[in-house]
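Undergrad: Just remember that the numbering used here sits 306 ahead of the position in the sequence shown, which is counted from 1.
Ideal placement from N, C-alpha and C gives every residue a C-beta, glycine not left out.
Remember, predicted model here, so these are calculated numbers, not experimental data.
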Amino acid sequence: MSESFSALTDWCKKNKALLLMTVIIYQAAILAIGIVNFPYMDDTVRQRVGNTDFASTYSRWGSELASWFVQGSRHLTDMGLFTHILTGFILTVASVIVVYILNNKKLSALSLIVSTLIGLNPWFLQSISFRFDSPYMALSILFSVLPFLWWENKDRTFFILSAFSIFMMCNTYQASSGIYIIMVLALSFKTLLAGGKMSLALKKSLLSAGAYIVAMIAYLIETKFNPDLANRGGNVAIAAFKDIPKTLVANTSMYLHSIIDQSTKVWMILFILLIVLFIIVSFTSAKNQLLSLVFIGLYLILGAILSYGVFLIFPEKLALAAPRYAYGFSVFTAITLILLLEYKLSPQWKNIAIKGTISLFCYYLLSFPFIYASALHYQKDAFERQSMMLATSLKNLVTADTKQVYATMLFKDSPVFNNTKQNYPILQEMVPPNSAIFFPNQVVFKTYTGMDIMIESFDFATFDKKNSELKSSDYYYDIYEKDNQLYVLVK
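1) Identify every residue that forms a DSSP beta bridge with Tyr783.
2) Given a cut-off of 8 Å on the beta-carbon distance, is the pair Met695 and Tyr793 in contact?
3) Helix, strand or coil: how does DSSP classify Leu651 here?
4) Have a look at Ala334, Gln377, Ser588, Gly356 and flag the residue whose alpha-carbon is nearest the alpha-carbon of Thr422.
5) Does the Cβ of Leu776 have 16 or more other Cβ atoms within 10 Å, making it buried, or fewer, making it exposed?
6) Would you grab the beta carbon distance between Ser440 and Thr389 for me? Rounded to a whole angstrom, and I think it's under 8 Å.
7) Whole angstroms is fine: what's the gap from Ile519's alpha carbon to Ile732's?
8) For Asp719, which residues in the same chain have their Cβ closer than 8 Å to its Cβ, ignoring the five residues on either side in sequence?
9) Count the C-beta pairs between the segment 471–480 and the segment 446–453 that are closer than 8 Å, then say yes if the count reaches three, no if not.
10) Where do the ends of the alpha helix (DSSP H) carrying Arg373 lie?
11) Identify whether Val799 lies in helix, strand or coil by the three-state DSSP scheme.
12) Which stretch, first to last residue, makes up the alpha helix (DSSP H) that contains Val451?
13) Mind checking Tyr712: buried by the 16 CB within 10 Å criterion, or exposed?
14) Do Ser514 and Ser468 come within 8 Å of each other at the CB atom, strictly closer than that value?
15) Which value, in whole angstroms, describes the spacing of the CA atoms of Ile544 and Tyr364?
16) Indicate the three-state DSSP secondary structure (helix, strand or coil) for Tyr364 in the structure shown.
17) Going by the CB atoms, is the gap between Leu643 and Leu562 shorter than 8 Å?
18) State the start and end residues of the unbroken alpha helix (DSSP H) segment that holds Ile341.
19) Under the rule that 16 or more other beta-carbon atoms within 10 Å means buried, what is Thr393, buried or exposed?
20) For the alpha helix (DSSP H) holding Gln568, just list the boundary residues, first then last.
21) CB Ala481 to CB Tyr633, shorter than 8 Å?
22) Exposed or buried, what is Val750 when buried is set at 16 or more other beta-carbons lying within 10 Å of its beta-carbon?
23) I'd like the span of the alpha helix (DSSP H) that includes Ile586, first residue to last.
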């Protein structure tokens with residue numbers, strides 16, 4: 307044990323500059339989001355009440371127990387930037403492992419920069435935004451790649467560690483369920499293109515599939531002891547056996563189309579160019595070029611589709627519900643680019659061209675977390691300012707008898723956010739709208755204003771102004787009263 311620890315220490319010292327670079331990239335991007343202190347979705351209630359409910363609501367016992375350990379209590383409090391810093395370190399370890407495994411146990415600067423797309427891709431940024439959940443969502447990625455440190459060990463060791471890690475992934479965040487599959491495909495692809503025995507690659511793939519199935523069955527059994535999980539409805543339902551083929555086809559189309567629709571043009575252009583380069587370089591470098599096209603096609607098709615993980619057999623179209631259910635494709639992209647960087651081509655200009663294109667792709671993707679953080683900041687600022695304006699208008703109108711408040715909408719989105727989302731369509735799905743009268747916005751309004759009221763929506767078209775009394779009118783709102791109820795018309 308001491309020898310292993312000493313070897314790890316020596317390896318870290320040898321690669322300290324590269325490791326530090328990876329830490330800095332993750333921390334800079336994640337802290338940019340964390341500093342905004344945006345009350346993101348479930349965070350709103352946890353900040354006020356301190357409940358965990360990872361296990362009861364989502365059947366994520368790994369997150370539940372880990373949150374108790376991190377907090378030192380079963381009652382949670384907002385720990386500020388600490389959870390974001392922890393998330394950054396967990397993702398750093400995951401990225402380093404992926405490069406170490408795929409790059410023949412060596413690290414390189416550009417491969418590590420590419421690997422940060424595993425945690426900083428646009429589709430995972432929602433998960434990072436959760437002040438309470440983010441470390442455990444990051445753990446799901448780490449658990450997905452951890453067993454591959456033992457890929458070359460005895461089959462029994464790899465099988466046991468894989469089954470345990472996949473089970474833990476399910477208990478932290480199930481949206482990572484495609485990452486283990488991508489790693490198996492990537493390592494098998496490397497073996498086959500290098501001229502390795504097909505029987506060896508097939509054996510490892512079947513062993514991995516067995517571990518995956520065992521872990522999923524174990525997790526399914528675990529969920530049967532959680533009766534509250536049924537309240538999640540379609541989010542946790544699996545398609546009936548006879549409907550699985552139809553569900554697979556529908557989800558594949560929906561998943562890939564949603565990623566295309568949410569991407570900017572420059573992301574898509576560079577991605578397509580890099581995939582074309584990957585095909586050409588892999589084909590020309592393969593020992594058996596006749597079979598290489600089959601292997602390349604299988605890797606790209608299966609990797610793209612299976613990166614969605616178990617959600618492929620869910621009737622609920624989760625990728626349309628939120629981008630954070632679809633980050634597997636970005637992990638597939640990062641792994642593919644790491645494989646591309648492994649090729650050493652001649653003449654040298656070819657390597658420079660590939661590295662330059664990958665660097666440009668990383669620049670556009672890794673600048674997005676800062677754009678996203680800016681969008682959150684302006685959206686939060688607009689919400690807070692309008693909350694105080696509305697509270698000022700309501701403070702003398704809300705009484706013990708007049709507590710029910712209706713509104714045509716809540717607040718307007720930030721003009722800066724509206725401008726930014728024109729370039730980045732995915733922002734529309736990532737940043738909660740200020741106008742929505744839904745539970746998280748209600749809680750935030752209560753937190754900012756201290757007013758213990760619930761605002762509910764109503765249809766202005768059916769509102770009877772004639773039989774209502776105008777109580778207040780200003781630049782922003784007209785407020786009417788009728789039958790001891792207040793109606794806010796946002797101008």
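TA: Working from what's here:
1) Answer by DSSP bridge pairing, in chain order: Val796.
2) One thing to note: Met695 has its Cβ no nearer than 8 Å to the Cβ of Tyr793.
3) In this structure, Leu651 counts as coil in the three-state DSSP scheme.
4) A check of alpha carbon separations from Thr422 across Ala334, Gln377, Ser588, Gly356 identifies Ala334 as the nearest.
5) Taking every protein chain shown into account, the CB of Leu776 has fewer than 16 other CB atoms within 10 angstroms, so this residue is exposed.
6) At roughly 6 Å, the Cβ-Cβ gap stays under 8 Å, so Ser440 and Thr389 are in contact.
7) So the alpha carbons of these two residues sit roughly 33 Å apart.
8) Apart from the 5 residues on each side of it in sequence, Asp719 sits with its Cβ closer than 8 Å to the Cβ of Gln685, Ala688, Pro739, Asn740, Ser741 in its chain, given in chain order.
9) Remark: three or more beta-carbon pairs, one from each stretch, lie closer than 8 Å, so the segment 471–480 and the segment 446–453 are flagged as touching.
10) Note that residue 373 corresponds to Ser in the displayed sequence, not to Arg. Per DSSP, the continuous alpha helix (DSSP H) segment holding Ser373 begins and ends at 367–377.
11) This structure cannot settle anything about residue 799, because the visible part of the chain is limited to 307 through 797.
12) That run of the alpha helix (DSSP H) goes 440–451.
13) Classification for Tyr712: buried.
14) In this structure, the beta-carbon distance from Ser468 to Ser514 falls below 8 Å.
15) Distance from the CA atom of Ile544 to the CA atom of Tyr364, rounded to whole angstroms, is 15 Å.
16) Tyr364 carries a helical assignment under DSSP once its states are collapsed to helix, strand and coil.
17) No, they are not a contact pair.
18) 322–342 is the span of the alpha helix (DSSP H), which, as asked, contains Ile341.
19) By the neighbour-count rule (16 or more Cβ atoms within 10 Å), Thr393 is buried.
20) 550–568 is the extent of the alpha helix (DSSP H) around Gln568.
21) Closer than 8 Å, so yes.
22) So Val750 ends up on the buried side.
23) Its alpha helix (DSSP H) spans residues 571–591.
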